[in-house]
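Beneath this line is the structure, given in structure tokens, with notes to follow.
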Amino acid sequence: MFKAIKKMYKQDWGRSAWWAGYILLSVGYVVVFILGTNLILGPKPVPNNDLHLAWLVSPGRFFVPVAAAPGAVETNPELGALDNPRERFLATKPPATFRIFCVGGSTTRGWPFHRKLSYPALLALYLRDLFPDKKIEVINAGMMAFDSTSDLHLITQLLEYNPDLILLYTGRNEEWTFPFHTIRRALKLHVWLMRNIRLYAFLRDWREKQVSAEFDHAQAVRDWAKARTNTGNKAELLALTGLMEKNIRLMAEKTAGKNCKMGIITQISSSRELPESSNINSINLCLKNIAFQLKLPILDLDRIFKSSKLRWDDLFIDSPPHPDASGYMLMAQSVVKWIASMGIIAPEKEWKWKNLAGEKTYLSKLGVTRTFMAGTYTRLADMEKKLGETKDTEKYRAKAFNCRNNSCR
Numbered sequence: 001m002f003k004a005i006k007k008m009y010k011q012d013w014g015r016s017a018w019w020a021g022y023i024l025l026s027v028g029y030v031v032v033f034i035l036g037t038n039l040i041l042g043p044k045p046v047p048n049n050d051l052h053l054a055w056l057v058s059p060g061r062f063f064v065p066v067a068a069a070p071g072a073v074e075t076n077p078e079l080g081a082l083d084n085p086r087e088r089f090l091a092t093k094p095p096a097t098f099r100i101f102c103v104g105g106s107t108t109r110g111w112p113f114h115r116k117l118s119y120p121a122l123l124a125l126y127l128r129d130l131f132p133d134k135k136i137e138v139i140n141a142g143m144m145a146f147d148s149t150s151d152l153h154l155i156t157q158l159l160e161y162n163p164d165l166i167l168l169y170t171g172r173n174e175e176w177t178f179p180f181h182t183i184r185r186a187l188k189l190h191v192w193l194m195r196n197i198r199l200y201a202f203l204r205d206w207r208e209k210q211v212s213a214e215f216d217h218a219q220a221v222r223d224w225a226k227a228r229t230n231t232g233n234k235a236e237l238l239a240l241t242g243l244m245e246k247n248i249r250l251m252a253e254k255t256a257g258k259n260c261k262m263g264i265i266t267q268i269s270s271s272r273e274l275p276e277s278s279n280i281n282s283i284n285l286c287l288k289n290i291a292f293q294l295k296l297p298i299l300d301l302d303r304i305f306k307s308s309k310l311r312w313d314d315l316f317i318d319s320p321p322h323p324d325a326s327g328y329m330l331m332a333q334s335v336v337k338w339i340a341s342m343g344i345i346a347p348e349k350e351w352k353w354k355n356l357a358g359e360k361t362y363l364s365k366l367g368v369t370r371t372f373m374a375g376t377y378t379r380l381a382d383m384e385k386k387l388g389e390t391k392d393t394e395k396y397r398a399k400a401f402n403c404r405n406n407s408c409r
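So the sequence shown is numbered by the numbering used here: it starts at 1 and just counts up by one.
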């Protein structure tokens, strides 16, 4: 009986060893095949549509070292490919410097004027004149299409650079990015395969050329803008505000742990977004509640815009919702007064408000010319035409014409 058991054991071990060898050999073939196809096909840039997904669900380093400037970091080139202008600063904050990061999406970036004009760019000029003897850095860390989940990852990394103040303008993009977070694991796998398996990327590229209905990020934004964010889906609204609240609470916890102050700015709502039906108003209410509960400074920018005496058409672009040039000026002016009220750079009475120049002076310093404005409004009119917004198309074509004829606002 003992011999029979021993013989059976040897047979079982032999079968197990055979299967183990078979599995290892199969894995080896797969690895060799992948390495071989990677070598043959060579590196392939990730398409912009997939880059948007990559930075949404599986972000890397937002700022990377600059080989030509030791000690400096700059915007990751992949983010540059997504229409984010390059920002460069020293990784180690210089002595006696007050460092501010402005975090958010395309409004923080300054779209559609983002190559020249943004509220952080104006804020930097204001603070330079208000405190000529102080060194104050204002770094625009706004990234196109970022949401609170992206901002959480970003702020976690920004805290490595020892900021004194982080200004957060987030909320609107939650509405169109939220569905992606519900399938986050699948998208992360897709992104990993795109970056690491050349054959997968090759087949993905081939399929995109074959299928006319392939996902297009720009079209998705147009569809989202057309929908006016009035989904009426209360369950989804509750879920997305819950995710946003969780993210902001984590941001507040992380910034407090690094002795960095964080302030929240409410989202500006379009004149076409009705209070009783628009998600953005619920998002603003959520932001106010979070700020109250966590005792965070909050700037109600939406109220400031709505109470402004300036023409709404000069302040705001309704579709897709962003400030117009005058709106960015108002935003920067409101933010600088808000920072003064915090008393963190200096007591409010020490702010040299008489040093501030007129709007045209600051626009000139940023290189915002009539030609630049005319070109921007022309591109905006073309985009509105694609959105099917006839009135807006005519409005921005008229603005472009006015800028070319010396009557640009």
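The beta carbon of each residue, even a glycine, is placed where N, CA and C say it ideally should be. The structure presented is a predicted model; accordingly, all values stated were derived computationally and were not measured.
Same chain, Cβ closer than 6 angstroms to residue i, neighbours up to 5 away in sequence not counted
i	result
Arg404	Ala374
Ile136	Phe98 and Leu127
Met329	Glu359
Thr170	Gly104, Ser148 and Asp151
Ile264	Leu168, Leu287, Ala291, Leu296 and Ile298
Phe146	Gly105
Residue range of the unbroken alpha helix (DSSP H) whose run includes residue i
i	result
Tyr126	Tyr119 to Leu130
Trp385	It is Lys, not Trp, that sits at residue 385 in the sequence shown. Lys385 -> alpha helix (DSSP H) spans Arg370 to Leu387.
Pro425	In the structure as shown, the chain begins at 1 and stops at 409. Residue 425 is therefore absent and cannot be evaluated.
Thr356	Note that residue 356 corresponds to Leu in the displayed sequence, not to Thr. Premise fails: Leu356 is in no alpha helix (DSSP H) and is neither H nor E.
Asn402	Thr390 to Arg404
Trp55	Asn48 to Val57
Asp151	Ser148 to Leu158
Asn233	Unbroken run through Asn233: none, as it is neither H nor E.
Cβ distance (whole Å) where residue i is taken to contact residue j below 8 angstroms
i	j	result
Pro163	Val138	That pair is no contact at about 11 angstroms.
Pro85	His114	6 angstroms
Leu122	Ala141	Contact flag wrong, Cβ pair sits at about 16 angstroms.
Asn279	Leu237	6 angstroms
Val473	Ala96	Residue 473 lies beyond the residue range present for the chain, which begins at 1 and ends at 409; the question has no answer from this structure.
Ala252	Leu296	6 angstroms
Asp302	Ser269	5 angstroms
Ser58	Lys188	5 angstroms
Phe89	Thr75	Wrong, their Cβ atoms sit about 10 angstroms apart, outside the cutoff.
Tyr362	Tyr377	The pair is not a contact, with the Cβ atoms about 20 angstroms apart (cut-off 8 angstroms).
Leu125	Glu175	Incorrect: roughly 32 angstroms between the Cβ atoms, too far for contact.
His322	Thr107	6 angstroms
Phe180	Leu243	Not really, about 11 angstroms apart at Cβ, beyond 8 angstroms.
Limits of the unbroken beta strand (DSSP E) element including residue i
i	result
Glu74	Ala72 to Thr75
Glu137	Lys135 to Asn140
Val103	Thr97 to Gly104
Exposure of residue i, with buried meaning 16 or more beta-carbon neighbours within 10 Å
i	result
Thr390	exposed
Ser307	exposed
Phe399	At residue 399 the sequence reads Lys, which differs from the Phe that was named. Result: buried.
Gln293	exposed
Asp324	buried
Asn289	exposed
Pro94	exposed
Ala227	Because Ala227 sits at a pLDDT of 49, beneath the cut-off of 50, its placement in the model cannot be relied upon, and the following sentence gives the value as read from the coordinates. Per the 10 Å Cβ criterion, exposed.
Met342	exposed
Asp318	buried
Ile23	exposed
Ala381	buried
Pro347	exposed
Ile183	exposed
Ser118	buried
Glu416	The shown model of the chain, from 1 to 409, leaves out residue 416, and the question about it has no answer.
Gly110	buried
Asn196	exposed
Pro65	exposed
Asn259	exposed
Min CB distance residue i to chain C below 9 angstroms
i	result
Leu56	Judged by its chain identifiers, the structure shown contains no chain C, having just a single protein chain.
Strand pairing of residue i, partner residues [DSSP]
i	result
His322	Ile317
Leu203	None, per the DSSP bridge assignment.
Leu168	Val103 and Ile264
Lys335	Reading the sequence as shown, one finds Val at residue 335 and not Lys. For Val335, which the question treats as bridged, DSSP gives no partner whatsoever.
Val64	Glu74
Asp299	The identity of residue 299 in the sequence shown is Leu, whereas the question assumes Asp. Ile265.
Phe89	Val73
Close Cβ partners of residue i (< 7 angstroms) along its chain, the five nearest in sequence each way excluded
i	result
Phe401	none
Met262	Ile166, Leu168, Met251, Ala252, Thr255 and Leu296
Beta-carbon proximity list for residue i, same chain, < 8 angstroms, skipping 5 on both sides
i	result
Glu78	Val46, Leu51, Ala54, Trp55 and Gly60
Asn355	Asp129, Leu130 and Pro132
Glu160	Ala91
Leu310	Ser326 and Leu330
Lys246	none
Thr156	Lys254
Asp313	Asp324 and Lys395
Ser282	Leu237 and Thr241
Residue i: CB within 8 angstroms of a non-hydrogen atom of the ligand MN
i	result
Tyr362	Only the bare structure without any ligand can be found here, which leaves the ligand MN out of the picture.
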